[in-house]
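Remarks on the structure that follows.
What follows is the structure in structure tokens.
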């Protein structure tokens with residue numbers, strides 16, 4: 029926004045300088061032209077008056093010297109033309125009235141008219157200035173005196189004045205820029221304060237409020253609206269927290285009591301009812317897991333603070349070790365590979381996410397398959413991927429996989445709530461991370477976790493760095 033404000037200031041200043049400078053440049057050039065024209069008209073009239081007193085100016089040495097002196101002093105040409113329009117004397121051999129505009133001016137002079145060129149031509153080619161005055165004898169025109177002066181100096185002078193005005197305009201524009209920078213900062217200070225407050229609120233610091241007593245009225249009104257929205261948001265979040273706490277208490281207690289009663293009844297059920305009791309127990313356990321996952325999902329949606337450095341390869345090895353028993357029971361090799369790297373995330377988040385991904389990978393991998401956990405650093409991001417050799421997923425299934433309660437095709441005997449990937453995504457997004465699914469080659473699925481990088485990892489002295497660990 030500051031850039032736009034500076035562009036606005038400088039654009040208005042530029043238009044103002046051009047609006048003043050261009051007419052001024054034309055005015056100065058026109059004044060110079062009129063000064064030269066008036067001077068030449070006066071000198072031409074003086075020569076014409078002197079010629080009228082001599083009777084035959086071409087034969088009068090005094091007049092000829094006077095004309096030659098004017099020509100030398102002004103780098104001009106003086107022509108004496110008789111009543112028939114023939115040149116009878118010139119101070120510059122070869123000079124002739126060979127242009128139609130000059131011929132019209134000369135004809136008016138021979139008709140007794142005095143020429144005063146007041147119109148300013150756009151004389152970019154520096155055309156010479158032609159002036160003619162009649163030579164009168166007893167009120168009758170007997171000849172005409174014409175002068176032809178160059179205007180190259182006028183063009184050079186006009187260009188110099190234009191360059192000077194351009195330099196002054198550039199200096200004014202530079203001065204405007206110097207003043208506009210602190211002025212724009214001062215103008216946008218309330219907006220920056222509002223932006224910082226909104227950024228703090230977006231990061232979860234809900235006690236922050238935008239200042240409502242600074243800046244123009246529009247910014248103050250916006251700050252009041254932001255504060256009102258924040259108050260409403262805090263109230264909604266607090267209501268959600270209370271609901272989560274109440275739901276955890278109110279649902280878990282009856283569920284625990286129900287589970288105890290089922291255990292008591294199980295001993296009294298006849299053999300033909302044990303299957304139904306086992307189903308009830310399984311459903312109660314499933315309900316407990318769903319309740320736990322819902323509570324985790326609700327808490328994951330809340331922004332948290334206190335990101336700490338986490339060495340991702342150590343976390344990957346620890347979680348692989350925790351799942352190694354299940355991997356061995358299913359005859360699946362669980363491998364940890366990659367480099368040591370430090371990520372910045374909430375404590376325990378990466379552990380929970382890897383638990384979800386390893387649970388899925390082991391559940392879909394066939395006996396004899398391999399599940400590979402790989403870690404690597406990519407600039408300011410840390411990547412942790414879990415690859416299996418199962419049937420994989422279609423593009424549509426990958427797109428819907430993080431939706432809550434969505435369950436695709438499940439292997440025989442596998443149960444789930446459809447919340448695992450939704451929880452993983454919510455946990456990662458709360459700390460600036462990301463979860464992506466892609467197809468593996470030749471078959472299988474790759475779940476890749478991306479989290480912000482922390483400080484570079486330095487291994488303790490004497491610690492061996494292994495690029496590949498076998499967990500089972």
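In this note's numbering, the protein residues as written are 29 to 500. Glycine residues also receive a C-beta, built at the ideal position from the N, C-alpha and C atoms.
> According to DSSP, is residue 89 helix, strand or coil?
Replying inline: In the structure shown, residue 89 sits in a helix (DSSP, three-state: H, G or I).
>> Quick check on the burial criterion: 16 or more other C-beta atoms within 10 angstroms. Buried or exposed for residue 43?
In response: Exposed: under 16 other Cβ atoms inside 10 Å.
> With 16 other CB atoms within 10 Å as the buried threshold, where does residue 351 fall?
Replying inline: Around the CB of residue 351, 16 or more other CB atoms lie within 10 Å, so the residue is classed as buried.
>> Using only the alpha-carbon positions, how far apart do residue 247 and residue 262 sit?
In response: Approximately 22 Å between the Cα atoms of the pair.
> Comparing alpha-carbon positions, which option in 310, 286, 340, 290 lies nearest residue 377?
Replying inline: Closest option to residue 377, judged by alpha-carbon separation, among 310, 286, 340, 290: 340.
> Between 76, 40, 33, 108, which lies nearest to residue 117 when the distance is taken from Cα to Cα?
Replying inline: The option with the nearest alpha carbon to residue 117 is 108.
> Counting only runs that start and end within the region 376-425, where is the alpha helix (DSSP H) found for 4 or more residues in a row?
Replying inline: Counting only runs of 4 or more, we get 377-392.
> Rounded C-beta distance between residue 95 and residue 119? I'm assuming under 8 Å.
Replying inline: Confirmed, about 6 Å.
> Exposed or buried, residue 487, counting other C-beta atoms within 10 Å across all chains shown (16 or more means buried)?
Replying inline: Low confidence applies here, because residue 487 scores a pLDDT of 49, under 50, leaving its location unreliable and the question unanswered by this model.
> If you drop the 5 nearest sequence neighbours on each side, which residues of the same chain put their C-beta closer than 7 Å to that of residue 251?
Replying inline: Cβ neighbours of residue 251 within its own chain (closer than 7 Å, five residues either side excluded): 222, 238, 239, 240.
>> To the nearest angstrom, how far is the alpha carbon of residue 464 from that of residue 475?
In response: Here the C-alpha atom of residue 464 lies approximately 6 Å from the C-alpha atom of residue 475.
> In chain order, what residues of the same chain lie with their CB nearer than 7 Å to the CB of residue 426, ignoring the 5 residues before and after it?
Replying inline: 465, listed in sequence order.
> Which whole-angstrom value describes the C-beta separation of residue 174 and residue 159, a residue pair presumed to lie in contact below a C-beta threshold of 8 Å?
Replying inline: Right, the Cβ-Cβ distance comes to about 7 Å (below 8 Å), so this counts as a contact.
> Taking the alpha helix (DSSP H) that residue 138 falls in, what are its first and last residues?
Replying inline: Looking at the DSSP string, the run of the alpha helix (DSSP H) that includes residue 138 is 128-138.
>> Cutting at 6 Å between CB atoms, please list the residues of its own chain near residue 242, excluding the five before and the five after it.
In response: The beta carbon of residue 242 sits closer than 6 Å to those of 218, all from its chain and outside the five residues before and after it, given in chain order.
> Got a sec, what are the start and stop residues for the beta strand (DSSP E) residue 108 sits in?
Replying inline: First-last of the beta strand (DSSP E) with residue 108: 105-110.
>> Check for me: the beta strand (DSSP E) holding residue 117 runs from which residue to which?
In response: Run containing residue 117: 115-118, per the beta strand (DSSP E) assignment.
> Which residues bound the alpha helix (DSSP H) around residue 190?
Replying inline: For residue 190, the enclosing alpha helix (DSSP H) covers residues 180-230.
> Taking one C-beta from the region 381-392 and one from the region 450-462 each time, how about it: are there three or more such pairs within less than 8 Å?
Replying inline: The region 381-392 is in contact with the region 450-462.
> In three-state DSSP terms, what is residue 447?
Replying inline: In this structure, residue 447 counts as coil in the three-state DSSP scheme.
>> Using only the alpha-carbon positions, how far apart do residue 481 and residue 200 sit?
In response: Cα to Cα, the separation comes out at about 48 Å.
> Can you tell me whether residue 470 is buried or exposed, with buried defined as 16 or more other CB within 10 angstroms of its CB?
Replying inline: Exposed, by the Cβ-count rule.
> Considering only residues of the same chain and omitting the five flanking positions on each side of residue 396, which have a CB-CB separation below 7 Å?
Replying inline: If you ignore the 5 residues before and after residue 396, its C-beta comes within less than 7 Å of the C-beta of 359, all in its own chain and listed in chain order.
> Are residue 104 and residue 177 touching if we call contact CB-CB under 8 Å?
Replying inline: Yes, Cβ-Cβ distance for residue 104 and residue 177 is below 8 Å.
> Residue range of the beta strand (DSSP E) that residue 458 falls in?
Replying inline: Going by DSSP, residue 458 is part of no beta strand (DSSP E) at all; its letter is neither H nor E.
> Taking Cβ to Cβ, would you say residue 389 is nearer than 8 Å to residue 364?
Replying inline: No, these two residues do not count as a Cβ contact at 8 Å.
> Beta-carbon separation of residue 34 and residue 209 under 8 Å?
Replying inline: Against a cut-off of 8 Å, the Cβ pair of residue 209 and residue 34 comes out as a contact.
>> Relative to the C-alpha of residue 347, which candidate in 297, 429, 362 has its C-alpha closest?
In response: Among 297, 429, 362, the Cα nearest to that of residue 347 belongs to 362.
> DSSP three-state call for residue 280: helix, strand or coil?
Replying inline: DSSP, read as helix, strand or coil, puts residue 280 in helix.
> So what does residue 18 bridge to, in DSSP terms?
Replying inline: Because residue 18 is not part of the residues shown, which for the chain are 29 to 500, the question remains open.
> Which residue's Cα is closest to the Cα of residue 76: 171, 53, 40?
Replying inline: Looking only at 171, 53, 40, the smallest Cα-Cα distance to residue 76 is reached by 171.
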